[in-house]
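Engineer:
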Amino acid sequence: MARAEVRKTYKLFIGGEFPRSESGHSYVVEDAQGRFVANAALASRKDARDAVSAARKAFGGWAGRTAYNRGQVLYRVAEVMEDRRPQFVEALRQGEGLTAAAAGRVLDETIDRLVWYAGWTDKLTQVVGNANPVAGPFFNLSTPEPTGVVAVIAPQESSLLGLVSVLAPVIAAGNAVVVTASVLRPLAAVTFSEVLATSDVPGGVVNILTGSLDRTAVTLASHMDVNAIDLTGLAGDPAQAAALEVEAAANLKRVRRAPAVEPDWSAEPGIGRMTDVLETKTVWHPIGV
Amino acid sequence: MTASESSLRRFLHGLPGVDQVGAEQRAASLGTRSIKTTAKAFAIDLAISMVDLTTLEGQDTHGKVRALSAKAIRPDPADPTCPSAAAVCVYPDMVATAKDALGSSGVHVASVATAFPSGRAAMDVKLADTRDAVAAGADEIDMVIDRGAFLSGHYLEVFEEIVAVREACSRTDGQAAHLKVIFETGELQTYDNVRRVSWLAMMAGAHFIKTSTGKVQPAATPPVTMVMLEAVRDYREQTGQMVGVKPAGGIRTSKDAIKYLVMVNEVAGTDWLDPDWFRFGASTLLNDLLMQRTKLATGRYSGPDYFTLD
Amino acid sequence: MASTRSTTARAFEYAPAPESRSIVDIAPSYGLFVGGEFVDGHGKSFKTISPSSEEVLAEIAEADEADVDLAVKAARRAHSRVWGRMPGKERAKYLFRIARIIQERGRELAVLESIDNGKPIKETRDVDVPIAAAHFFYYAGWADKLEYSGYGTESLGVAGQVIPWNFPLLMLSWKIAPALAAGNTVVLKPAETTPLTALLFAEICQQADLPPGVVNIITGAGDTGRALVSHPDVDKVAFTGSTEVGRAIAKAVAGTDKRVTLELGGKAANIVFDDAPLDQAVEGIVNGIFFNQGHVCCAGSRLLVQESVADEVLARLKRRMATLRLGDPLDKNTDVGAINSAEQLAKIRELSEIGEQEGAERWSAPCELPDHGFWFPPTVFTGVTQAHRIAREEIFGPVLSVLTFRTPAEAIEKANNTPYGLSAGVWTDKGSRILKMANALRAGVVWANTFNKFDPTSPFGGYKESGYGREGGRHGLAAYLKGGHA
Chain A
1 MARAEVRKTY KLFIGGEFPR SESGHSYVVE DAQGRFVANA ALASRKDARD
51 AVSAARKAFG GWAGRTAYNR GQVLYRVAEV MEDRRPQFVE ALRQGEGLTA
101 AAAGRVLDET IDRLVWYAGW TDKLTQVVGN ANPVAGPFFN LSTPEPTGVV
151 AVIAPQESSL LGLVSVLAPV IAAGNAVVVT ASVLRPLAAV TFSEVLATSD
201 VPGGVVNILT GSLDRTAVTL ASHMDVNAID LTGLAGDPAQ AAALEVEAAA
251 NLKRVRRAPA VEPDWSAEPG IGRMTDVLET KTVWHPIGV
Chain B
1 MTASESSLRR FLHGLPGVDQ VGAEQRAASL GTRSIKTTAK AFAIDLAISM
51 VDLTTLEGQD THGKVRALSA KAIRPDPADP TCPSAAAVCV YPDMVATAKD
101 ALGSSGVHVA SVATAFPSGR AAMDVKLADT RDAVAAGADE IDMVIDRGAF
151 LSGHYLEVFE EIVAVREACS RTDGQAAHLK VIFETGELQT YDNVRRVSWL
201 AMMAGAHFIK TSTGKVQPAA TPPVTMVMLE AVRDYREQTG QMVGVKPAGG
251 IRTSKDAIKY LVMVNEVAGT DWLDPDWFRF GASTLLNDLL MQRTKLATGR
301 YSGPDYFTLD
Chain C
1 MASTRSTTAR AFEYAPAPES RSIVDIAPSY GLFVGGEFVD GHGKSFKTIS
51 PSSEEVLAEI AEADEADVDL AVKAARRAHS RVWGRMPGKE RAKYLFRIAR
101 IIQERGRELA VLESIDNGKP IKETRDVDVP IAAAHFFYYA GWADKLEYSG
151 YGTESLGVAG QVIPWNFPLL MLSWKIAPAL AAGNTVVLKP AETTPLTALL
201 FAEICQQADL PPGVVNIITG AGDTGRALVS HPDVDKVAFT GSTEVGRAIA
251 KAVAGTDKRV TLELGGKAAN IVFDDAPLDQ AVEGIVNGIF FNQGHVCCAG
301 SRLLVQESVA DEVLARLKRR MATLRLGDPL DKNTDVGAIN SAEQLAKIRE
351 LSEIGEQEGA ERWSAPCELP DHGFWFPPTV FTGVTQAHRI AREEIFGPVL
401 SVLTFRTPAE AIEKANNTPY GLSAGVWTDK GSRILKMANA LRAGVVWANT
451 FNKFDPTSPF GGYKESGYGR EGGRHGLAAY LKGGHA
């Protein structure tokens, strides 16, 4: 007789743990051919709220680590991902309908992107910060600081490369993040969260919610303890994106607007996704005996 | 310099500052000393003899205090060569029980006093608390300073309180209980404050300066204790008087205790490596010291079943 | 008041706490590492010894001119065919691998460095090796971000690099990491008294599958170094060592297209004001001149102490020096290790004798010197003035010269009154004074309320005769990219 396989349960990733939705709801996830794959957790408003809370708790510790340490953690994520190639290739084939070869290329780019961001943590300050030659006997220094808790609506189409491309810059810059995964293609995100959980990433630095956006996105956009929001995942839905931008204005969140269409994730990212979630602090001090 | 509030303040604020990063790095660096074999055995026995075995709980009973006292006299029932602890530390209403249980063993009775741990009570209440403990037979009094007064800059008030409590430590036979002054360094927060309060307490007559009540986090830490060791060293340099140091709270393992002894050794010097001049305020530390002592003697790692829980 | 009675305390003697040597496997002899393999050298081979015991460790090959030429050719081939064209993100991943392997073999590297150099295992374990790994990590991340460096993205080609014996592995990482990140290939010559960690590094390059010829390690002494820096096909020369040799190199490359960076000697002033956090200042003084046995180009070898606190500072300093433990570098409790060579020991002794003759007062920490090996106790000279040779010449040993000053202006004047300009220290509780001093001091690195701090992100290098160019940080890439300055 054929062996029955042990099928995985797809849960949320909050505070370094894998809870089900507090609502108890789930939804059906299908593969690229429309076949049933799994029941994934359908995150609720309360889950989103809990995720923000976990992110806020983790933020101080993460931002307080040395940039070198954050870089090493991100590099470790890449190491662990590389070690799990077959698992991710399978997730991409299933979720995005890619061939094995195409999935392999996407995975290569994803891992290389993580490595790229790992190398930014201790260089950003040198590139965007500087001393300022003010016209007076004052030492004057401008340095970037992470803004805090960032909400990210991850891309709908590119469920792994796109996910990592929006998530890595935020944490490389020292923030904690709450991410809503691609609605129809959430499974790569859940597998990725398993990598995060085993890669020295402190619990709460990354939180991943699966499910439809109508519950979670509004909660995140209107939450007064979220400092910034990235609406990339609403590409092609300008009405919803605009509505969320209005919500975000309540506490003057920094907003990264949704593009008209989902970007080409293979292109060089630039540093915009990091600088969007950085504040600049300028300090003065007199120079005198 | 204690003539007035302002001259006391000028003196204390004129002491050299403490650079936080430098102090913490020196303390951490001392913590990397590798203490093995004979040095470790020496340190463990010394540490055991320096423990003020402590119980300061609302739920303390006479039975508990008797059990603790027996443990202090003979920490390892299976090994009579193991040194006794230095003292038992209890609340004032338990002093008589401890005194009775400790008999002529040489283990001292230390009592907290002055509305421990908060110190928030009227002066005469705090002094009565002290006198009660002394009358019941306490050899040592661990008082708390008024942190509110200190943090709001009323140094003279803090000073005068210590002087008054020291006065209340005198016994009818002409002797006096020794006074330890607890700073609650976790509330004072900066190393500059720790340096200043150390000098203030020493000038007011403290026999010992002590980090914490153990009821507030953080309690004792290596860098805080290091600043206090520097203070007693400098004080002796200036006045010829020796004052003891007691870190209390948060010291759980032999490894921790040994790090402190290294610090005493290299910062204050050999003279302080004695229970008369250095104590550990601890409860769970003792069993870990006993386990390490057994491991050194037998070569085997031990387990909790082999040591008494009191 | 408090009691004055004496105590029955017994001294706390630390038992020996040796780090095991078993992790290290030193071969009887070593060749040169060229084109990804170990090959024979054709010069006159020499021995490397352990300076703490004078034990012979291994026989080392000497690269003659022909060997140097082969190495440069291998580096050139690797640059034009492989490394110079490789996308930055691929180069990055090789450098990350190397960083990781240094971490994985960290204890082995630390023990080997201690044995070959004479410095304490506590330092190699906690400072040299971790910072070396961090340099590779840091520069790995620049390899694919050169467009953000401010110096363009074009590499120079082949770098000839000569490093000193005081921080062998660390200096190797300071040279190789940025060079490779920027797309260059290298030929590196370690110092003749400390080749072993460089040779182990060659093995690490093999373990990382670094393409052959990207890193070449050629051992030898002055002749090998000269042949390397004057080789016509070397595009870039990087040297750390004495000002004397640095001057010779600057002359040798004159009129060529070779780019040069030099990191040379120093005679740094460590300035202590009357409001300094005293205990930490004393730590900073001790660290500044006795760390690494004083074999540090940026050592705080001149203490400039404000006259009003001079006696107190000296008293605390001497008391602190008495707790320094000198001895077996592999003992985990050793603070002060061996002097690197008989030659260096002779220099230190000579200059110390001169110090006494010049009228300064000499005091050494009481310590027992082992019978074998090269040793010098931590020493302080007081009553030193600017005119004394021991205030001007780099001793490169655990010898501190103490001078006094009255005002900030005088401190600045004295601190700057030297042909050197590598580093300086300032100790005061006043922020504006720190910044004023930092502004006025002609030194490439100013440490305020700290000393001898190094980080891969922080540029390091000197003014004046302490050399030119910076290593570390974004600025450290300038030396290895066409768009950077000389």
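Chains A, B and C, in that order, are what the protein sequence lines are. If you read the first sequence in this note's numbering, its first letter stands for residue 1, the second for the next number, and so on. If you read the second sequence in this note's numbering, its first letter stands for residue 1, the second for the next number, and so on. If you read the third sequence in this note's numbering, its first letter stands for residue 1, the second for the next number, and so on. All C-beta atoms, glycine included, are put in the ideal place defined by N, C-alpha and C.
Does chain C have any CB closer than 8 Å to the CB of B/D9?
Structural biologist: Note that residue 9 of chain B corresponds to Arg in the displayed sequence, not to Asp. No, B/R9 lies away from the interface with chain C (no Cβ there is under 8 Å from its Cβ).
Engineer: Spatial neighbours of B/L200 within its chain, please: CB distance less than 7 Å, with the 5 preceding and 5 following residues excluded, ordered by chain position.
Structural biologist: For B/L200, where only same-chain residues beyond five positions count, the Cβ hits under 7 Å are L12, Y155, V158, F159.
Engineer: Excluding five sequence neighbours on each side, which residues of the same chain lie with their C-beta closer than 7 Å to the C-beta of A/S266?
Structural biologist: E109
Engineer: Helix, strand or coil, according to DSSP, for C/E37 in the structure here?
Structural biologist: DSSP places C/E37 within a strand segment (E or B) once states are collapsed to three.
Engineer: Is the beta carbon of A/V178 sitting closer than 8 Å to the one on A/A154?
Structural biologist: no
Engineer: Under 8 Å between the Cβ atoms of C/G472 and C/P459?
Structural biologist: yes
Engineer: Kindly indicate which three-state DSSP category A/T180 falls into: helix, strand or coil?
Structural biologist: strand
Engineer: Excluding five sequence neighbours on each side, which residues of the same chain lie with their C-beta closer than 6 Å to the C-beta of C/G469?
Structural biologist: T261, G461, A479
Engineer: Would you mind working out which of A/V283, A/F36, A/T143 sits nearest A/R7, comparing C-alpha positions?
Structural biologist: A/F36
Engineer: Quick one: residues in its chain with C-beta nearer than 7 Å to the C-beta of A/R93, no 5 flanking neighbours on either side, listed in chain order?
Structural biologist: A100, A103
Engineer: Who are the near neighbours of A/R76 in its chain, counting only those whose CB is closer than 7 Å to its CB and skipping five residues on each side?
Structural biologist: S199, D200
Engineer: By the DSSP assignment, the alpha helix (DSSP H) with C/T382 in it spans what residues?
Structural biologist: Premise fails: C/T382 lies in the beta strand (DSSP E), 379–382, not in any alpha helix (DSSP H).
Engineer: B/I251 and B/A231 - do their beta-carbons sit closer together than 8 Å?
Structural biologist: no
Engineer: Tell me where the alpha helix (DSSP H) around B/M226 begins and ends.
Structural biologist: Under the DSSP assignment, B/M226 falls in the alpha helix (DSSP H) whose first and last residues are 222–239.
Engineer: Of all the options B/R293, B/R120, B/E237, which has the alpha carbon lying nearest to the alpha carbon of B/A257?
Structural biologist: B/R293
Engineer: If you measure from the beta carbon of B/G17 to each beta carbon in chain C, is any gap under 8 Å?
Structural biologist: It does: the Cβ of B/G17 has a partner Cβ on chain C nearer than 8 Å.
Engineer: If contacts are defined as beta-carbon pairs under 8 Å, then C/I217 and C/V68 qualify, I think. What distance do you get, rounded to the angstrom?
Structural biologist: Rounded, the Cβ-Cβ distance is 12 Å, inconsistent with contact.
Engineer: Can you list, in chain order, the residues of its chain whose CB lies under 7 Å from that of C/K453, leaving out five sequence neighbours each side?
Structural biologist: W447
Engineer: Is the Cβ of C/S466 closer than 8 Å to any Cβ of chain A?
Structural biologist: no
Engineer: Chain C beta carbons: is any one of them nearer than 8 Å to that of A/V73?
Structural biologist: Not an interface residue.
Engineer: Against chain B, does C/L303 count as a neighbour if the rule is that its beta carbon must be under 8 Å from one of theirs?
Structural biologist: no
Engineer: Compare the beta carbon distance of B/E85 and B/V51 with 8 Å and say whether it is the shorter of the two.
Structural biologist: The sequence given here has Ala at residue 85 of chain B, not Glu. Against a cut-off of 8 Å, the Cβ pair of B/V51 and B/A85 comes out as a contact.
Engineer: Within 10 angstroms of its Cβ, does A/D112 collect 16 or more other Cβ (buried), or is it exposed?
Structural biologist: buried
Engineer: Measure from the alpha carbon of C/G483 to the alpha carbon of each residue in C/T418, C/Y151, C/R302, then state which is nearest.
Structural biologist: C/Y151
Engineer: Along the beta strand (DSSP E) that carries C/S352, what are the first and last residues, could you check?
Structural biologist: Per DSSP, C/S352 belongs to no beta strand (DSSP E); it is in the alpha helix (DSSP H), 342–357.
Engineer: Could you compute how far the alpha carbon of C/T193 sits from the alpha carbon of C/V82?
Structural biologist: 33 Å
Engineer: So what does A/T143 bridge to, in DSSP terms?
Structural biologist: A/K281
Engineer: So, with DSSP's three-state summary, where would you put C/I163?
Structural biologist: coil
Engineer: I need the boundaries of the beta strand (DSSP E) containing B/A164, first residue and last residue.
Structural biologist: B/A164 -> not in any beta strand (DSSP E); alpha helix (DSSP H) instead, spanning 155–168.
Engineer: Return the CA-CA distance between A/K123 and B/A121, expressed in angstroms with no decimal places.
Structural biologist: 54 Å
Engineer: How should A/W116 be labelled, buried or exposed, when 16 other C-beta atoms within 10 angstroms of its C-beta is the threshold for buried?
Structural biologist: Classification for A/W116: buried.
Engineer: Taking CB distances under 8 Å as the criterion, tell me whether B/G22 reaches chain C.
Structural biologist: yes
Engineer: CA-CA distance, C/G444 and A/T210?
Structural biologist: 53 Å
Engineer: For A/D286, which beta-bridge partners are listed by DSSP?
Structural biologist: Note on residue identity: the sequence assigns Pro, not Asp, to residue 286 of chain A. According to DSSP, A/P286 bridges with A/F138.
Engineer: Measuring alpha carbon to alpha carbon, tell me which of B/S212, B/Q241, B/D173, B/R279 ends up nearest B/A204.
Structural biologist: If we check each option's Cα against that of B/A204, B/Q241 comes out closest.
Engineer: Please confirm if the segment 128–141 of chain C is in contact with the segment 152–165 of chain C, defined as three or more CB-CB distances below 8 Å between the two stretches.
Structural biologist: no
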